[in-house]
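Numbering (this note's numbering), first residue to last: 191 to 442.
What follows is one structure encoded as structure tokens, with my remarks underneath.
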């Protein structure tokens, strides 16, 4: 279907996934495409992103690639314009791009940590997700879309203030950023409800990815299924203002 200016206004539901050149983002893209969605797979690493999109397209998925660095205003604006021109709507946005702030294979004490690590982690995990969501609001509103912010149980006060060993100091940037993303999700849900746009924070569980040196007990397929389930759930079935795990709504 061709829209104004020759844009391909696809009749399929559309999705955009960030940080999708590997791991959870790539698998979420695969599973959304398998459900019949047109997926815009985005990543900061253009070479790996294009390779991932080509691989999934070869499997039969309607997959396109766009380079996106969520910390760059120009990059965010460019992708938002692409979505408007190519699709005219956005049914699902999965804010998956994220960094841990942890040096792989090392543990750093509080006095060894860099303030810049905290700053850059917040910039990617929180500011980037907010900026992209904001830029895509017209397309999300047109579709009555869904925003899924990928978070972590490590970001919940129920986990961090409960009984059990204290978390390592070098997880402060990651946990703080995901906690901020959780609050952002709740407040966005309140703001966007009147537009028919639903927002949720979903934890896929401890998934084996390169972020944790593949130590997680869950596979990327299992983790992605949780994200995709709540990305595609009917609005009236989505837990409202909730932190969501594989089992459903869980304590903040």
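Built from N, CA and C at the ideal position, the CB exists for glycine as well.
Do you know how far the Cα of residue 432 is from the Cα of residue 442? 8 Å
Given residue 438, which residues of its chain have a CB within under 7 Å of its CB, disregarding the five upstream and five downstream residues? 429
Can the beta-carbon of residue 292 be found less than 8 Å from the beta-carbon of residue 360? yes
Would you identify the three-state DSSP class for residue 408, choosing helix, strand or coil? strand
Exposed or buried, what is residue 227 when buried is set at 16 or more other beta-carbons lying within 10 Å of its beta-carbon? buried
Inter-stretch contact (C-beta, 8 Å, three-pair minimum) for the region 329-336 and the region 381-391: yes
Rounded to the nearest angstrom, how far is the Cβ of residue 367 from that of residue 311, given a contact under 8 Å? 5 Å
Under the three-state DSSP convention, the category residue 228 falls into: strand
Short of 7 Å in beta carbon distance, which residues of its chain neighbour residue 219, apart from the five on each side in sequence? Order them along the chain. 207, 210, 229, 231, 246, 253
To the nearest angstrom, how far is the alpha carbon of residue 202 from that of residue 283? 15 Å
Does the beta-carbon distance from residue 273 to residue 326 come in below 8 Å? yes
Given a threshold of 16 other Cβ atoms within 10 Å of its Cβ, counted over all protein chains shown, does residue 271 qualify as buried or as exposed? exposed
State the DSSP-derived secondary structure class of residue 438, mapped to helix, strand or coil. strand
Rounded to a whole number of angstroms, what is the C-alpha to C-alpha distance between residue 329 and residue 391? 20 Å
I need the boundaries of the beta strand (DSSP E) containing residue 254, first residue and last residue. 252-257
Proximity below 8 Å, CB of residue 372 to CB of residue 351: no
6 Å Cβ shell around residue 318 - same chain, five flanking residues per side excluded: 260, 261
Roughly how far, in whole angstroms, is the beta-carbon of residue 308 from the beta-carbon of residue 362, given that I think they are within contact range, below 8 Å? 7 Å
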